[in-house]
Each structure stands twice: as C-alpha cells, then as structure tokens.
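First the structure, in the form of structure tokens, and then the observations on it.
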C-alpha cells in the first residue's frame, strides 16, 4: 500500500482535481448523515437514499435561492472581489473572499527573476518556514503555487492572489474561473468574456446572466407557492405544463397555441393522477420543484 500511496492518499494527489471545498471531505458520510446508521438494513438503505437525495435537492434549492436573492458583503475595495461576487455562488465566493483577505497577511517576496517566469516566496508574517513558492508567467498571466490548492479544489489560493496583487493583476483571468463554481453553472453557455475582465456585468436585461437569474427567481417563488397544498400543487403543475408547451413551441417555431409533446404522445410533464393521495403528492413535490426550475431556466 505504501508503494502505491500516490494513487490513494489525498496529500499525494494535490495535482488532481477533486472539487473538494473543505479539509475534512465528507463524501458519502456527509450525504447519508442522519439517514443511515450501523443498524440500517440494505432494504432500508434504498428508501433512506431517496430521502437523502430529496434532502440534498432541498438544500441545493435553498442555496440557489440565497445566491440569487442576496448580495454578498465586500470586505475590500478590490475590483477582483467585486468581480468574484458577481460570478461565484455565495459559498464559493466566501471561500474566495477568505483567501483574498488573507493576502494582507501573506506578502509576496520575489526570489528569482530569470526569463519569462518569475518566482515568489509567499508566507504569513512570522511563519516563513511554512511559506509556498509561486511561479508567475506574465506573458500568459498564469501562476502556479506549490500548495496546489487550485489544481485540487478549483479555488485560487491566497499565495497566487498575493502575487497577483504584487503584479497589479486587478481581476481574475478567465482560466481561473471554473464554470462549476459560478452562478451560471446550470446553463449551457460559456462564461461571458466581459465577466472575466475588468468590466463587471451591470445586470442589464440583455445580459444572459441577468435573464437567467430573473427566470430562476420567479421559478423559485412559483414552486414555493405550489407546495402549500394539494389543490394549489395541481393548479401549479397544470400551469407549468402549459408554460412548458408554449416555450417548446416558440423554440420550435410553431404557433404558441400548438400542442407540444415529447414525441411519444405524452405531455412534457406528467399530470397528477386523481387516485394519488395528497401526502404522496406533497412528498413528490421535492422532485417536481427541482424539475420546475430546470424547465423554466433551461429555455
């Protein structure tokens, strides 16, 4: 096992992307926390998995709603922080903000200036023995750090940010912004170039980001109202079906009143059967809530 440690020990895999945001990980243990115990049978695990998945989706919707409807507090006058606040989800922005603020206590000292690549030593005051080496290429506007935090988690580290500060790089280069961590992660389009440069999006109606956020905000309000009772739920689902048909017709170039199906003669969304109990409908709404947002925002 020791001979193959680079294949299974995380500390030897810092150059491999895991998208891990916390030091303690969590993984499946975090996903099943509160749903599975040592005495849970295999049969119960299947049922508990469905509950865990519904809970996970619920938390994701809450996080999306909070990201869309709240404005992060800025701690510095940095254009880079303002840019990140417009691009990242709330959780990712807070991680980035923490790294950015730490640059104030982690100065970058140039140690080698030969050729196109400049090397810096970045360490916290009084802790030089725990410093890291950052190599910066001004031609490509790229930097690599010995801590390999960006390669491992996709969040740029305080050491690289300290070098950017020393080199007067005011905004994040586009290659340091992973789409998976942005507000637009669910959309199919690429990150707009102006969002990665010195120009910060102003949220005009013509902006794809603005239109997406407006649709998502309205969709979340819609599904929250629809979950209040079984009667409102059925009305909401019928309205959602009609809206989905109209959107599909517009995308297909058909008149808005033309019925639209999925190719098998069925409506885009299944109707709620009369025999379905109220309790089953309300429980299943966790799934349809996610589906509703996807239908509204996708088109």
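Residue numbers (this note's numbering): 7 to 305. Heads up, the beta-carbon is just placed ideally off N, CA and C, and yes, glycines get one too.
Query: Please give the ranges of any alpha helix (DSSP H) in the segment 137-201, keeping only runs that are unbroken, at least 4 residues long and fully inside the region.; Result: 155-159 and 164-172
Query: Could you please give me the residues that DSSP links to residue 115 through a beta bridge?; Result: 127
Query: Can you look up residue 120 in the DSSP assignment and give me helix, strand or coil?; Result: strand
Query: Tell me, please, which residues DSSP counts as bridged to residue 94.; Result: 188
Query: Rounded to whole angstroms, what's the CA-CA distance from residue 120 to residue 172? Just pull it up for me.; Result: 17 Å
Query: Any contact of the segment 181-188 with the segment 155-171, i.e. 3+ C-beta pairs under 8 Å?; Result: yes
Query: When burial is assigned at 16 or more other CB atoms within 10 Å of the CB, is residue 70 buried or exposed?; Result: buried
Query: Please list the terminal residues of the continuous alpha helix (DSSP H) segment that includes residue 70.; Result: 48-75
Query: What residue range does the alpha helix (DSSP H) around residue 252 cover?; Result: 236-258
Query: Are the Cβ atoms of residue 106 and residue 86 separated by less than 8 Å?; Result: yes
Query: Would you mind sorting residue 90 into buried or exposed? The rule is 16 or more other CB atoms within 10 Å of its CB.; Result: buried
Query: Measure the CB-CB distance between residue 250 and residue 228 and report whether it falls below 8 Å.; Result: no
Query: Identify whether residue 85 lies in helix, strand or coil by the three-state DSSP scheme.; Result: helix
Query: Roughly how many angstroms separate the alpha carbons of residue 111 and residue 187, rounded to a whole number?; Result: 26 Å
Query: Look up residue 42 in the DSSP assignment and say whether it is helix, strand or coil.; Result: coil
Query: Could you check how far apart the C-beta atoms of residue 116 and residue 128 are, in whole angstroms? I think they sit under 8 Å.; Result: With 8 Å as the limit, residue 116 and residue 128 do not qualify as a contact, their Cβ atoms being about 11 Å apart.
Query: Quick test of your reading: residue 167 and residue 76, contact by CB under 8 Å. State the CB separation rounded to the nearest angstrom.; Result: Residue 167 to residue 76, Cβ: 24 Å. No contact.
Query: Would you kindly check if the distance between the Cβ of residue 102 and the Cβ of residue 122 is under 8 Å?; Result: no
Query: Using only the alpha-carbon positions, how far apart do residue 53 and residue 256 sit?; Result: 40 Å
Query: So, helix, strand or coil for residue 232, using DSSP?; Result: helix
Query: How is residue 221 classed by DSSP in three states: helix, strand or coil?; Result: helix
Query: So, with DSSP's three-state summary, where would you put residue 7?; Result: coil
Query: Any Cβ of chain C within less than 8 Å of the Cβ of residue 135?; Result: No chain C is present in this structure, which holds just one protein chain.
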